[in-house]
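Asker:
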Amino acid sequence: MQVTDTAPKPVTGFKFNREGATNVAVMAVLLALPLWASSVGEDYYVNLASLITIFAIAGVGLNFAIGQGGMVSFGHAAFFGIGGYTAGIAAFHSFEETLFMSVPFAISGTNQMLIIWVVAMALCGLAALAIGAISLRTEGVYFIMITLAFAQMIYYFAISWPTYGGEDGLSIYLRNQIGAVDTDHALTFFLICFGLLLAAIFVSARLSGSRFGAALGTARMNETRLATSGINPFPIKLTGFIISAMITGLAGALFAELNGFVGPSMLSWHRSGEIMVFVILGGVGRLYGPVIGASLFVLLETYIGEWTEHWQLLLGFALLGVVLFARGGVMGLIAGRARHD
Amino acid sequence: MTKPVLQVKGLHKSFGALQATKNVSLDLKPNEIHALIGPNGAGKSTLIGQIAGWITPDSGSIILDGEDVTGETVASRSQKGLGRSFQVSSLAMEVSARRNVMLSVQASQGSSFRFWGQIKSDRDLRETAGHWLVKVGLSGREDVAVSELSHGERRQVEVACALALKPKALLLDEPMAGLGPTGSVQLTEFLEEIRPEIPILLIEHDMDAVFRLADRITVLVGGAAILSGSVDEIRASALVREAYLGEEA
């Protein structure tokens, strides 16, 4: 008998199990609602869907660090905020027609989203390189605290930087552009966000299934095994942390565009907590989990929040239920335990 | 004289007032199984930790195949040919035996910084891992999650992981522990089979296995290597009997 006969067939296409069906359903609803809302002229709901989508991207980023690499970062607001401020500052200088810096070389603002995304992700990657290089020398609760501390440092830095609004934040008067695309059109902007969400999920899935992903996953499951197999855990984890930060940073840039505003609240530890809630509520390590988590969060905030300001109490109960009874989050409730081959 | 594959020279390690390793020197030559025995608290784990790279010695050096690896990381020592198994298996429990071995195969093939190709459709990676699992006797169990394997099978997976890195020396920490009679007989046979290819530093409590397998034995007591010699010499030594075999002899 050949050894490979016992191996499961390599999965090339889409896995259509319960989790796969749930993923398709969630994404279909997320796409269909704003299409419908836009057709009846209800841009409010389109923007709500954009918000969900952006939060989901931030969650996909954090989920890569937590679910794949086992790095429970409580400081991802830092990257969300850096992304947001990149968009805000670029738009500010573009609007005022001033330079961001002139020494040693001139950097002007820009209103081109594509450039902003690349810069935002690059800056988040650099920040994550510095933060990760220090934080990843610790583990467990110390890692949580040190990532939080770094995010707080950036938060206070933003507050004390008067050029860009300090505590009051910075308005983006004109939404940034992609060539001739009308990004001010609510549905167009939603579709851009939705496309980027799909891209983030796709990249996350590819990376998780790669050699790098296998090493990163082993860093989560058993770091001793990774080192014993001849792979140094530190550079693997640091790379994973950087990728995670870059995805969350992209979401931050979109968030600033959606609101036409960026302020220090994007960097606050509440925001780090919220992104973590998207991940935990949806299901840690589940590819589409953050989409479910972000949807529930925004819907609870919007609809229960309309009815009572104590909506977070309900969110607390939901989170409690998920943590106590469904360790795999809502996705775990629907599709059962995560499967590994 | 054959050149030793692994050499430990004048190793010292203290934890505060406790001297856990006192001037230990030993070596491992090609084609041999060198057993390291000693009562509980003799400092075996500390010594293994230093050889594998988890613990930094206060002084002394560890030389693998002629190269000083004392300052190298665990991962780098594994890459350079020091394979090992643990007293309590250390594997990624949630995934299959094959996935665990695949990680070693990918490490032996080079960089893990490959981001795009999917390992589940990487035939070479899967089949090479399968080959090592069959070699250690896990044919048919390749795709079972490690958490569902028995203790003995997990030990076999660990050995397959080590072999996949094409090691120059194997460091096996109590491989017989928790195996049961059939398991230890099988493992003993397997170790004899690989001895001509890969020398083994064996830490073991099972004296039958040690006396059957070992070419040489070093006795560790109170952090110091008090005696080193052939099986017969160790059996005959009054010193060892007193220090270690005690009630058994």
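Chains as they are written, first to last, in full-length UniProt numbering: chain H, 1 to 341; chain E, 1 to 249. Here a beta-carbon is modelled for each residue, glycine too, at the ideal position from N, C-alpha and C.
Quick one, which residues of the region 205-217 of chain H are near chain E if we go by CB-CB under 7 Å, in chain order?
Answerer: Arg206, Leu207, Gly209, Ser210, Arg211, Phe212, Ala214, Ala215
Asker: Chain H partners of E:Thr69, CB-CB under 8 Å?
Answerer: It should be pointed out that residue 69 of chain E corresponds to Val in this sequence rather than to Thr. Going along chain H, no residue has its Cβ under 8 Å from E:Val69, so there is no contact; the nearest lies around 13 Å.
Asker: Strictly below 9 Å CB to CB, what residues from chain E border H:Arg327?
Answerer: Residues of chain E passing the Cβ test: none, with the nearest at roughly 13 Å.
Asker: Run down chain H in chain order and give the residues with a C-beta less than 8 Å from the C-beta of E:Trp132.
Answerer: Here the premise fails: no neighbours, minimum Cβ distance about 10 Å.
Asker: Any beta-carbon of chain E closer than 8 Å to the one on H:Thr224?
Answerer: Interface flag for H:Thr224 against chain E is set, since a Cβ pair is found closer than 8 Å.
Asker: Report back the beta-carbon spacing between E:Val221 and E:Ala42 to the nearest angstrom; my notes put them in contact at under 8 Å.
Answerer: At roughly 5 Å, the Cβ-Cβ gap stays under 8 Å, so E:Val221 and E:Ala42 are in contact.
Asker: Rounded to the nearest angstrom, how far is the Cβ of H:Ile178 from that of H:Leu114, given a contact under 8 Å?
Answerer: 6 Å
Asker: Go ahead and pull the three-state DSSP assignment for H:Val103.
Answerer: DSSP places H:Val103 in coil when its eight states are reduced to three.
Asker: Between the Cα of H:Leu281 and the Cα atoms of H:Gly263, H:Ala215, H:Phe317, H:Gly69, which residue gives the shortest distance?
Answerer: The shortest Cα separation from H:Leu281 among H:Gly263, H:Ala215, H:Phe317, H:Gly69 belongs to H:Phe317.
Asker: Ignore the nearest five residues each way along the sequence and tell me which others in E:Ala249's own chain have a CB closer than 7 Å to its CB.
Answerer: In this predicted model, E:Ala249 has a pLDDT of only 39, less than 50, meaning its place in the structure is not dependable; the value taken from the coordinates is given anyway. Excluding positions up to five away in sequence, the list reads Arg241.
Asker: Mind checking whether H:Ala91 and H:Ile144 have CB atoms under 8 Å apart?
Answerer: no
Asker: Taking E:Met102 as the query, report the chain B residues whose CB atoms sit under 8 Å from its CB, ordered along the chain.
Answerer: Absent here is chain B; the protein component of the structure consists of chains H and E.
Asker: With hydrogens ignored, establish whether the beta-carbon of E:Thr182 is closer than 7 Å to any heavy atom of the ligand MN.
Answerer: The ligand MN is not among the ligands present in this structure, which contains no ligands whatsoever.
Asker: Within the chosen definition, does the region 298-309 of chain H reach the region 47-58 of chain H through at least 3 CB pairs nearer than 8 Å?
Answerer: yes
Asker: Buried or exposed: E:Trp132, going by 16 or more other Cβ atoms within 10 Å of its Cβ?
Answerer: buried
Asker: Am I right that H:Ser229 and E:Leu103 are in contact with their C-beta atoms under 8 Å? What's the rounded C-beta distance?
Answerer: About 5 Å separates the beta carbons of H:Ser229 and E:Leu103, which is inside the 8 Å limit, making them a contact pair.
Asker: Assuming contact is defined by CB atoms lying nearer than 8 Å, are H:Thr22 and H:Ala335 in contact in what I supplied?
Answerer: yes
Asker: Can E:Leu165 and E:Gly83 be called in contact, C-beta distance under 8 Å?
Answerer: yes
Asker: Name, please, each residue of chain H whose Cβ falls closer than 7 Å to the Cβ of E:Val74.
Answerer: Ala227, Thr228
Asker: Do we get a CB-CB distance below 8 Å when we pair E:Met176 with the residues of chain H?
Answerer: no
Asker: Using 8 Å as the limit for Cβ to Cβ distance, is E:Gln106 near chain H?
Answerer: yes
Asker: Run through chain H and tell me which residues come within less than 8 Å of E:Leu165, C-beta to C-beta.
Answerer: Neighbourhood of E:Leu165 in chain H, by CB distance below 8 Å: Ser229, Gly230, in chain order.
Asker: Pick helix, strand or coil for E:Ala92, following the three-state DSSP scheme.
Answerer: coil
Asker: How about E:Ala209: is its C-beta nearer than 8 Å to some C-beta of chain H?
Answerer: no
Asker: Please confirm whether H:Ala186 and H:Asp43 have their CB atoms less than 8 Å apart.
Answerer: yes
Asker: Report yes or no: do three or more beta-carbon pairs, one from the region 51-69 of chain H and one from the region 245-252 of chain H, lie closer than 8 Å?
Answerer: yes
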